[in-house]
Amino acid sequence: MSDDVSKKTAETAALYFKGVTGEKPYELWKSFDRGLAKDLSLFITGQMYARNVIPHPTRQMVAVASLTVLEKSEELELHLQAALNVGCKPRELAEVIFQTAVYGGVPAMNQGLKVLRKVLEGQGLWPLPVQD
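Here the sequence shown is numbered in this note's numbering, starting from 6 and rising by one per residue.
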């Protein structure tokens with residue numbers, strides 16, 4: 006991989022994962038296979054997530070919706086934290102999760118909202134201000 010991709014990987018990881026709690030996927034991968042971990046990170050973070058075709062907040066809302074429907078709570082928690090890091094607002098994230106009820110069902114939506122609440126609590130953003 007080029008130095009440019011390595012640079013983009015580091016920049017994108019810093020943007021998305023600053024202050025993120027819990028084990029980051031790269032750390033897990035690296036504990037099993039350092040070389041493969043690097044290759045995965047360069048592709049996922051340095052090429053896919055570094056693309057400018059859609060803005061970072063939009064990319065994270067897509068990830069949040071997908072992970073909610075798939076009921077992948079642990080990964081959802083990571084991506085909700087990253088979504089807040091790139092500028093998504095708590096109400097936007099809640100709305101994305103509410104939207105998933107149409108495609109993934111109410112139980113998946115409920116689980117997603119529980120994960121969002123946990124993330125917001127951890128960042129001192131819960132409870133949300135009352136909205137009519």
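From the three backbone atoms N, C-alpha and C, an ideal C-beta is built for every residue, glycine too. Predicted, not measured: the structure shown is a model, and the values here were computed from it.
(request) Report the option in 98, 27, 75 and 32 whose CA atom is closest to the CA atom of residue 85. (result) 98
(request) Could you check how far apart the C-beta atoms of residue 121 and residue 102 are, in whole angstroms? I think they sit under 8 angstroms. (result) 6 angstroms
(request) Just tell me which of 22, 24 and 49 has its CA closest to the CA of residue 11. (result) 49
(message) At the level of alpha carbons, what is the spacing between residue 20 and residue 89?
(response) 10 angstroms
(request) Flag residue 11 as yes when its Cβ comes closer than 7 angstroms to any non-hydrogen atom of the ligand GDP, and as no otherwise. (result) The ligand GDP is not part of the structure shown, which contains no ligands of any sort.
(request) Report yes if the CB atom of residue 116 is closer than 8 angstroms to the CB atom of residue 79, and no otherwise. (result) no
(message) Let's see if you can read the secondary structure: which residues bound the alpha helix (DSSP H) around residue 15?
(response) 8-22
(message) Quick check on residue 3: does DSSP put it in helix, strand or coil?
(response) Summary: the structure shown does not reach residue 3, with the chain confined to residues 6 through 137, and so no result is reported for it.
(message) Checking 8 angstroms against the spacing of the C-beta atoms, do residue 82 and residue 24 come in under that value?
(response) no
(request) For residue 53, count neighbouring C-beta atoms within 10 Å of its own C-beta (all shown protein chains included) and say buried if the count is 16 or more, exposed if not. (result) exposed
(message) By the DSSP assignment, the alpha helix (DSSP H) with residue 58 in it spans what residues?
(response) Run containing residue 58: none; DSSP gives neither H nor E here.
(message) What would DSSP say about residue 31, mapped onto helix, strand or coil?
(response) helix
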